[in-house]
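Protein chains in written order, with this note's numbering: chain S, 1 to 100; chain E, 1001 to 1391.
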């Protein structure tokens, strides 16, 4: 089974270690190597990108490395690809990366 | 309690190597220095390329290099007309109690006489050094510098978090860790400041990153923006990018900001995690952390850096299993095992911790065994710093 790594136990996103297709199941490993969940990818997620471990409402904080890396700009479901299309930086508007 | 085996110096510091450093105040005297070092076992020659005028930042770095506990003895080789004189360097290094000798080419009467005397001086030092014995010391006497270079998507995912685990373990056993690369911290001021030991340190962190952002703005660069490559690789925000870099320092409280400027080059004053205000360019960053006292370096690289340092052993960690296979001659630790789930981040971190202890006790890193002796001193632009009101 393909893997995703939760880098810090406080994280609510995990990084996938290979390209994921939609509906593929991924095993999420904690920093201690324990399997903490087997979500199904809601859509494709490329290698090195993030997958939601929880449901996010708009404005919810996205946590990686045990710290807030941004806030959800719209609803995100478990297993969904988490990136610039649904997360906003608290420092620089992510919309800048989308060329808006 | 974990111990490492090192060499105690007269000032109480502990070296993990017994380098004889042939130090030149500027590059005019480097050629004979290099040849002297080549003649004597355990000797290494280093220089700097910022000219012979007196630049406090360069002087601080060279003095720090000479003071590093991995250096058992120093031979200064000057030309004779430089403003950054051998006396200035001797004054900085000699208080450590290690032998410091000086040769001035113009006074010795040329290259050949200097080389002959230099080789004889170093030959004697090499014999004396061979008598030194390693003894066990607690990790409270060890300082690890962490650095990254040639990063890829696996750096923030595997190598940096794993080195961070090792950094936390070292600090929990009373050790010291230094991390730098100020420009990599953009967008995380508030996070780093929250981890600061006290309010003053938090303010120093904000000021330090603010200065770097101002330098970048002066060059017409907004350091808070990421490249298309960053975003394509999976980095969503500047916070995420910066956190991936600083994670190699682990998660413990930040004891303070180490000055690395014309005003001085600070060394950690107590154990724990320290932040050095420094360049994002890897070899000079390592050089200035070594000048601040680091005896060992853990260096992460996804794409595969080959670097090693003249004064401190550099342990290289890659999070990319393909890089590890392709560049086994250069990579000491494969952290890429976390990608297929065959090993946890914690377990890789523990391996790195033990590798650091072993290297501190004498085992050579791959870069050392291949004879790598990188050493680059950097200095900020005095003109730019004046115009920005930083000095």
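For glycine and all other residues, C-beta sits at the position ideal for the given N, C-alpha and C.
Among the options, the one whose alpha carbon lies nearest that of residue i
i: residue 1301(E); options: 1279(E), 1344(E) and 1147(E); result: 1147(E)
i: residue 1035(E); options: 1065(E), 1003(E), 1075(E) and 1005(E); result: 1075(E)
i: residue 1271(E); options: 1238(E), 1264(E), 1254(E) and 1203(E); result: 1254(E)
i: residue 1149(E); options: 1344(E), 1303(E), 1095(E) and 1338(E); result: 1303(E)
i: residue 1102(E); options: 1096(E), 1083(E), 1122(E) and 1112(E); result: 1122(E)
i: residue 30(S); options: 11(S), 21(S), 19(S) and 48(S); result: 11(S)
i: residue 1097(E); options: 1010(E), 1233(E) and 1238(E); result: 1010(E)
i: residue 68(S); options: 59(S), 76(S) and 75(S); result: 59(S)
i: residue 1379(E); options: 1032(E), 1048(E) and 1022(E); result: 1048(E)
i: residue 1032(E); options: 1213(E), 1116(E), 1188(E) and 1365(E); result: 1116(E)
i: residue 1377(E); options: 1008(E), 1230(E), 1276(E) and 1026(E); result: 1026(E)
i: residue 19(S); options: 71(S), 6(S), 64(S) and 1(S); result: 1(S)
i: residue 1233(E); options: 3(S), 71(S) and 15(S); result: 15(S)
i: residue 1313(E); options: 1127(E), 1280(E), 1299(E) and 1020(E); result: 1299(E)
i: residue 1054(E); options: 1275(E), 1351(E) and 1262(E); result: 1262(E)
i: residue 1305(E); options: 1330(E), 1286(E), 1112(E) and 1326(E); result: 1330(E)
i: residue 1069(E); options: 1021(E), 1056(E) and 1114(E); result: 1021(E)
i: residue 1269(E); options: 1231(E), 1174(E), 1285(E) and 1224(E); result: 1174(E)
i: residue 1195(E); options: 1083(E), 1350(E), 1371(E) and 1273(E); result: 1273(E)
i: residue 1284(E); options: 1092(E), 1145(E) and 1004(E); result: 1145(E)
i: residue 1275(E); options: 1226(E), 1007(E), 1327(E) and 1208(E); result: 1208(E)
i: residue 1176(E); options: 1223(E), 1087(E) and 1357(E); result: 1357(E)
i: residue 1349(E); options: 1124(E), 1224(E), 1169(E) and 1383(E); result: 1169(E)
i: residue 1143(E); options: 1212(E), 1386(E), 1286(E) and 1230(E); result: 1286(E)
i: residue 1037(E); options: 1002(E), 1057(E), 1067(E) and 1114(E); result: 1114(E)
i: residue 1384(E); options: 1212(E), 1029(E) and 1002(E); result: 1212(E)
i: residue 1193(E); options: 1256(E), 1387(E) and 1223(E); result: 1256(E)
i: residue 1023(E); options: 1324(E), 1092(E), 1002(E) and 1012(E); result: 1092(E)
For residue i, the residue or residues it bridges with in DSSP
i: residue 1309(E); result: 1374(E)
i: residue 1281(E); result: Answer is none; residue 1281(E) lacks a bridge partner.
i: residue 1148(E); result: 1300(E)
i: residue 1221(E); result: Paired residues: none, contrary to the question.
i: residue 1075(E); result: 1022(E) and 1101(E)
i: residue 1045(E); result: 1022(E)
i: residue 1334(E); result: 1318(E)
i: residue 133(S); result: The structure shown does not extend to residue 133(S), since chain S is modelled only from 1 through 100, so no value can be given for it.
i: residue 20(S); result: 45(S)
i: residue 1015(E); result: 1007(E)
Cβ-Cβ separation, residue j to residue i (assumed contact under 8 Å), whole Å
i: residue 1307(E); j: residue 1266(E); result: Contact flag wrong, Cβ pair sits at about 24 Å.
i: residue 1059(E); j: residue 1178(E); result: In fact, because the Cβ distance is near 20 Å, the residues do not count as touching under 8 Å.
i: residue 73(S); j: residue 88(S); result: 5 Å
i: residue 1105(E); j: residue 1079(E); result: 5 Å
i: residue 1367(E); j: residue 1322(E); result: Going by Cβ atoms, the distance from residue 1367(E) to residue 1322(E) rounds to 20 Å, so no, they are not a contact pair.
i: residue 7(S); j: residue 64(S); result: 6 Å
i: residue 48(S); j: residue 1237(E); result: Between residue 1237(E) and residue 48(S) the Cβ distance is about 15 Å, and since that is not below 8 Å, they are no contact.
i: residue 1333(E); j: residue 1369(E); result: Not confirmed; about 15 Å, so no contact.
i: residue 1007(E); j: residue 1018(E); result: 6 Å
i: residue 1046(E); j: residue 1375(E); result: 4 Å
Under 7 Å between C-beta atoms of residue i and residue j
i: residue 1339(E); j: residue 17(S); result: yes
i: residue 13(S); j: residue 62(S); result: yes
i: residue 1288(E); j: residue 1061(E); result: yes
i: residue 1344(E); j: residue 66(S); result: no
i: residue 1164(E); j: residue 1250(E); result: yes
i: residue 975(E); j: residue 1311(E); result: The displayed coordinates of chain E run from 1001 to 1391. Any statement about residue 975(E) would go beyond what the structure contains.
i: residue 1319(E); j: residue 1336(E); result: yes
i: residue 1228(E); j: residue 1235(E); result: no
i: residue 1072(E); j: residue 1129(E); result: yes
i: residue 1141(E); j: residue 1014(E); result: yes
i: residue 1400(E); j: residue 1180(E); result: Here chain E has residues from 1001 to 1391 only, and residue 1400(E) is not among them.
i: residue 1352(E); j: residue 1065(E); result: no
i: residue 980(E); j: residue 1258(E); result: Beyond the ends of chain E as shown, which are 1001 and 1391, falls residue 980(E); an answer cannot be given.
i: residue 1126(E); j: residue 1040(E); result: yes
i: residue 1373(E); j: residue 1044(E); result: yes
i: residue 1100(E); j: residue 1090(E); result: yes
i: residue 36(S); j: residue 52(S); result: no
i: residue 1239(E); j: residue 1188(E); result: yes
i: residue 1171(E); j: residue 1252(E); result: yes
i: residue 1052(E); j: residue 1087(E); result: no
Chain-ordered chain C contacts of residue i [CB-CB under 8 Å]
i: residue 48(S); result: This model lacks chain C altogether; the protein chains it does include are S and E.
Pair every Cβ in the segment 1201 to 1209 of chain E with every Cβ in the segment 1148 to 1155 of chain E, then say whether three or more of these pairs are closer than 8 Å. Too few Cβ pairs lie closer than 8 Å, so no.
If contact is defined by three or more beta carbon pairs under 8 Å, each pair taking one atom from either stretch, is the segment 1182 to 1202 of chain E in contact with the segment 9 to 27 of chain S? no
For the segment 76 to 83 of chain S against the segment 30 to 48 of chain S, are there 3 or more C-beta pairs whose distance is under 8 Å? Because the criterion of three Cβ pairs below 8 Å is met, the segment 76 to 83 of chain S and the segment 30 to 48 of chain S touch.
Taking one C-beta from the segment 1355 to 1363 of chain E and one from the segment 1180 to 1192 of chain E each time, how about it: are there three or more such pairs within less than 8 Å? no
Meets three-Cβ-pair contact criterion under 8 Å: the segment 1243 to 1252 of chain E and the segment 1159 to 1175 of chain E: yes
For the pair the segment 1118 to 1136 of chain E and the segment 1207 to 1222 of chain E, tell me if three or more CB-CB distances fall below 8 Å. no
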